[in-house]
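Q: Protein chains in written order, with the numbering used here: chain A, 159 to 488; chain B, 145 to 431.
In this text, a Cβ means the ideal position worked out from N, Cα and C, and glycines have one as well.
Okay, handing you the structure first.
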Amino acid sequence: MKRATTQELKTFFESLGTDYDLRAPVKLHDGTRVLGGLDEGPLALEGGKIPQKPTSVFFPQFDEVFMVSKDGQFHAAEPVKKPIFVVGFTAQDLDCLEFIDKFFSENYRDDIYFNKRDGAVLVGVSGKCGKDGEFLKIAGGKCDIELISDGECFIVHPHTDKGKALVESLKASECGCGGVKMETLKEESDALPKDDEETIDKASELIRAGKVPDDFWNEIATRCIACTSCNLACPTCTCFEVYDREQDGKMVRQRIWDSCQLDGFMREASGHNPAGLQMQRTHRRIHHKLAADVERWGHRTCMLCGRCDDVCPTDIGIKSVCKEIVERYS
Amino acid sequence: MSVMTKTIAEETGGQIYQPLLCKIGSKRVLTPLETLFRIELPEGRELGHRPGQFVQVSILGYGEAPISISSSPTRKGYFELGVRNAGTLTGAMHELKEGDKIGIRGPFGTFFDAEKLAGKDLVLIAGGCGLAPMRSLIQYCEDRPSEFGKLTILYGAKTPGDRLYKEDLVEWGNSNTFACNYAVDGVPDGACFDEGQVGLITVLIPPLSLDVQNTVAVIVGPPVMYKFVIAELKKKGLTEEQIVVSLERYMKCGVGKCGHCAIEHLYCCIDGPVFWLNEISGIRGAI
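Structure (structure tokens):
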């Protein structure tokens, strides 16, 4: 396997720019790390997860559903000009993407999502490149290429044939350690604490067993200010609203992220609102990921990326709530 | 799982959010608030729906809304939508004229399964606007009465003037196919009502004489109606395996993606809106 410096990887990514729409972690002038083009700021592979939901690359906040021209003809959203090449998904982010791929493909295939997702190249990051030196779990798959930091450079591990073909053009030295470094890094990854997994799985079990009373949800709801940050940051939140707007004399139908934490989310034209109470909406936010999705998809759909806990102004992100559930109802 | 009808899916090239423009063949005022729209697909094609399903209706610039189909697939060459003027889209729809075009996606959702209902005595219970989707099943039964046992219609509305499909109610009441019992919650001063009882729809259930083993009840109405009607049906001896409900939820996409109609792990638009009661019993917020 190759072992590349950040500069070598940057050169590699730049060389792919003609064939791909490249998105990589870059640091903006204000210090924010985002998934952007290499012309937007210096490459910032280190620093852990990107604060924004990385799945927004394929399910952006605003997206065109279709356009109707002046002659009344419908036009599907333009196909992407170049396939997306995205760098920076952590192991948890890749778990999230795997789920929303499944979500958008089952029953009816969401052509708008797959317009961007089909043909995309995924590059994961792991190892010693987390925030403040934190070790990021090694994904071991679910992406085309994984960049595993050993603290100085990145071991470049292609997981798919497409990844292997692309990595051939990467100008970097071979690792040359006979796989010893990778083994050590894998051991370190396997030894990462699993407290969060244990807590959330226990909370999920308690919720599904009906051990968490409405009083608890009421209590959490009183701390919610309905800012919707949790939904906006969550890589497995997929709810959207649809609206029409006029643009240059054409009518464009767009979709935009929606939030189940808003009072009007389920309200019908008749006025009937099955989620008219904040308690019902708070319950839904957690229950959906930890119980309803377990029933529907066979697994919880919170992958413990921690973004909702990072952004929640009142400390009721999913990890915090699960901790309280386990402490109080075990 | 529900499947978008082949005709529309082919027309839109698999683009699941793109509507097909269809013609408003005719409009008939049902009440000051509700209108029946007869819709025709291009080239006389059939929608291919089943009773109980819905379509997503689009008017460009106003958006899209889910509307129950009010006519039976046994009536060829068109389908009908009974629409209450209650929101942005339905308000704009009421402004449209015969011959105007509207966008249609669908049909979507689960349906009243005629095969599973075959041979059964059916008690068809509708409240208010719930008669719109129920009418699709009633017409189906009207056109194929030999497939079913005894057919009873119970319909309740707030006042005599609020009743939908008044001509149909009279026709069904006069036919030999159905036993019809109607109720209104109240009769305003100056109005009269001699076609049924004054009271909530639940007053129509105790007097029914049912062959309990061979009866299925189908309920469509406003959310508040279900638990009271279900309680009365259970008193008559019906079990949850003998009760079918159609649930109303906000459905923005119709294809299980937008999340608005989720009832715990179910999406009302693809897993419903029609459920056997035992499929949803115990699910918080379903009824």
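From residue 218/B to residue 449/A, what distance separates their C-alpha atoms?
A: Start at 1 with the first residue of the second sequence, and residue 218/B comes out as number 74. Start at 1 with the first residue of the first sequence, and residue 449/A comes out as number 291. If I take the Cα positions, the gap works out to 41 Å.
Q: Closer than 7 Å by C-beta to residue 480/A: which residues in its own chain qualify, once you throw out the five before and the five after it? Chain order, please.
A: Working through the first sequence from its first residue, we reach residue 480/A at position 322. Once the five neighbours on either side are set aside, the close Cβ partners of residue 480/A are 357, 358 and 361.
Q: Residues of chain A with CB closer than 8 Å to the CB of residue 370/B, please, in chain order.
A: Residue 370/B sits at position 226 when you count from the first residue of the second sequence. In chain order: nothing, as chain A lies at least about 12 Å away.
Q: Can you confirm whether the stretch 356–375 of chain B touches the stretch 394–408 of chain B when touching is taken to mean that 3 or more C-beta pairs between the two stretches lie within less than 8 Å?
A: Contact between the stretch 394–408 of chain B and the stretch 356–375 of chain B is absent, because fewer than three Cβ pairs lie under 8 Å.
Q: Name the chain A residues that come within less than 8 Å of residue 204/B, Cβ to Cβ?
A: Indexing the second sequence from 1 puts residue 204/B at position 60. Ordered by position in chain A, the residues that pass the 8 Å Cβ test against residue 204/B are 226, 402, 409 and 411.
Q: For residue 320/A, which residues of its own chain have a beta-carbon under 6 Å away from its beta-carbon, when the five flanking residues on both sides are left out?
A: Within the first sequence, residue 320/A is the residue found at index 162, counting from 1. So the list reads 302, once near-sequence residues are dropped.
Q: Under the rule that 16 or more other beta-carbon atoms within 10 Å means buried, what is residue 191/A, buried or exposed?
A: Numbered from 1 along the first sequence, position 33 holds the residue referred to as residue 191/A. Classification of residue 191/A: buried, given that the 10 Å Cβ count is 16 or more.
Q: At the level of alpha carbons, what is the spacing between residue 160/A and residue 406/A?
A: Here residue 160/A is taken as the residue at index 2 of the first sequence, counted from 1. Here residue 406/A is taken as the residue at index 248 of the first sequence, counted from 1. Those two C-alpha atoms are separated by around 50 Å.
Q: Are residue 381/A and residue 418/A close, meaning C-beta to C-beta below 9 Å?
A: In the first sequence, residue 381/A corresponds to position 223, counting from 1. In the first sequence, residue 418/A corresponds to position 260, counting from 1. For residue 381/A and residue 418/A, no; Cβs fall outside 9 Å.
Q: Shorter than 9 Å from the beta carbon of residue 468/A to some beta carbon of chain B?
A: Reading the first sequence from its first residue, position 310 is the one you call residue 468/A. So, not an interface residue.
Q: Can you tell me which residues form a DSSP beta bridge with residue 212/B?
A: Against the second sequence, residue 212/B aligns to sequence position 68. Per DSSP, 198/B.
Q: Between 288/B, 294/B and 252/B, which lies nearest to residue 277/B when the distance is taken from Cα to Cα?
A: Position 133 of the second sequence, counted from the start, is the residue given in the question as residue 277/B. Comparing Cα positions, the closest option is 252/B.
Q: Residue 474/A versus chain B: which residues are under 9 Å apart at the beta carbon?
A: Your numbering for residue 474/A matches position 316 in the first sequence. Going along chain B, no residue has its Cβ under 9 Å from residue 474/A, so there is no contact; the nearest lies around 20 Å.
Q: Kindly list the residues whose CB is nearer than 8 Å to the CB of residue 269/A, restricted to its own chain and excluding five residues on each side of it in sequence; keep chain order.
A: As a working note, residue 269/A is residue 111 in the first sequence. Once the five neighbours on either side are set aside, the close Cβ partners of residue 269/A are 234.
Q: Between residue 399/A and the rest of its own chain, which residues show a CB-CB distance below 6 Å, the 5 nearest in sequence each way excluded?
A: The sequence position of residue 399/A within the first sequence is 241, counting from 1. Annotation for residue 399/A: 414 and 416 place their beta carbon closer than 6 Å to its own, counting only its chain and skipping 5 residues before and after.
Q: Can you find a CB in chain A that lies within less than 9 Å of the CB of residue 351/B?
A: Against the second sequence, residue 351/B aligns to sequence position 207. With 9 Å as the cut-off, residue 351/B does not count as an interface residue toward chain A.
Q: So which residues of chain A does residue 403/B contact, with C-beta pairs closer than 9 Å?
A: As a first step, residue 403/B must be located in the second sequence, where it is residue number 259. Result: 395, 396, 397, 398, 416, 418, 423 and 446.
Q: Excluding five sequence neighbours on each side, which residues of the same chain lie with their C-beta closer than 6 Å to the C-beta of residue 163/B?
A: Looking up residue 163/B in the second sequence gives position 19. So the qualifying residues of the chain are 202, 247, 248 and 249.
Q: Let me know if residue 389/A comes out buried or exposed under the rule of 16 or more other beta-carbons within 10 Å of its beta-carbon.
A: As a first step, residue 389/A is located in the first sequence; it is residue number 231 there, counting from the start. Looking at its Cβ environment, which holds 16 or more other Cβ atoms inside 10 Å, residue 389/A is buried.
Q: Please identify, using Cβ separations under 9 Å, the residues of the stretch 252–283 of chain A that lie next to chain B, in order along the chain.
A: Those would be 261, 262, 264, 265, 266, 267, 268, 269, 270 and 271, in chain order.
Q: Three-state secondary structure (DSSP) at residue 181/B?
A: For this step, residue 181/B is matched to residue 37 along the second sequence. Here residue 181/B sits in strand by DSSP.
Q: For residue 325/B, which residues does DSSP report across the bridge?
A: Taking the first residue of the second sequence as 1, we reach residue 325/B at position 181. DSSP output for residue 325/B lists 298/B as bridge partner(s).
Q: How many angstroms separate the CA atom of residue 468/A from the CA atom of residue 206/B?
A: Stepping through the first sequence from its first residue, residue 468/A is reached at position 310. Stepping through the second sequence from its first residue, residue 206/B is reached at position 62. Approximately 37 Å, taken between the alpha carbons.
Q: In whole angstroms, give me the CA-to-CA distance for residue 208/B and residue 233/B.
A: Reading the second sequence from its first residue, position 64 is the one you call residue 208/B. Reading the second sequence from its first residue, position 89 is the one you call residue 233/B. Between residue 208/B and residue 233/B, the C-alpha separation is close to 6 Å.
Q: Counting contacts by CB-CB distance shorter than 9 Å, is residue 327/A in contact with chain B?
A: Here residue 327/A refers to the residue found at position 169 of the first sequence. Cβ-Cβ to chain B under 9 Å: no for residue 327/A.
Q: Taking the C-alpha atoms as reference points, what is the distance between residue 300/B and residue 415/B?
A: In the second sequence, the residue the question calls residue 300/B occupies position 156. In the second sequence, the residue the question calls residue 415/B occupies position 271. In a straight line, the C-alpha of residue 300/B is about 27 Å away from that of residue 415/B.
Q: Let me check one thing: in DSSP terms, what residues is residue 349/B bridge-paired to?
A: Here the question's residue 349/B lines up with position 205 in the second sequence. Beta-bridge pairing links residue 349/B to no other residue.
Q: Going by Cα to Cα distance, which pick from 411/B, 292/B and 286/B is closest to residue 312/B?
A: For this step, residue 312/B is matched to residue 168 along the second sequence. Nearest C-alpha to residue 312/B: 286/B.
Q: Tell me, which residues are paired with residue 366/B by DSSP?
A: Residue 366/B sits at position 222 when you count from the first residue of the second sequence. Bridge partners of residue 366/B: none, in fact.
Q: Which residues, in order along the stretch 189–201 of chain B, keep a beta-carbon less than 7 Å from a beta-carbon of chain A?
A: none
Q: DSSP three-state call for residue 304/B: helix, strand or coil?
A: As a first step, residue 304/B is located in the second sequence; it is residue number 160 there, counting from the start. If DSSP states are grouped into helix, strand and coil, residue 304/B belongs with the helices.
Q: Among 171/B, 222/B, 404/B and 353/B, which one has its Cα closest to the Cα of residue 265/B?
A: Residue numbering aside, residue 265/B sits at position 121 when the second sequence is read from its first letter. The candidate whose alpha carbon is nearest that of residue 265/B is 353/B.
Q: Please state whether DSSP places residue 377/B in a helix, a strand or coil.
A: If you number the second sequence from 1, residue 377/B lands on position 233. Residue 377/B falls in the helix class under three-state DSSP.
Q: Between residue 145/B and chain A, is any beta-carbon pair separated by less than 9 Å?
A: Numbered from its first residue, the second sequence carries residue 145/B at position 1. Because residue 145/B sits at a pLDDT of 41, beneath the cut-off of 50, its placement in the model cannot be relied upon, and the following sentence gives the value as read from the coordinates. Yes, residue 145/B counts as interfacial toward chain A.
Q: Can you tell me which of the three DSSP states residue 443/A falls into?
A: Translated into positions along the first sequence, residue 443/A becomes position 285. Helix, per DSSP.
Q: Under the three-state reduction of DSSP, which class applies to residue 145/B: helix, strand or coil?
A: For this step, residue 145/B is matched to residue 1 along the second sequence. Low local confidence applies: a pLDDT of 41 at residue 145/B is under 50, so the model's placement there is unreliable, and no value is given.
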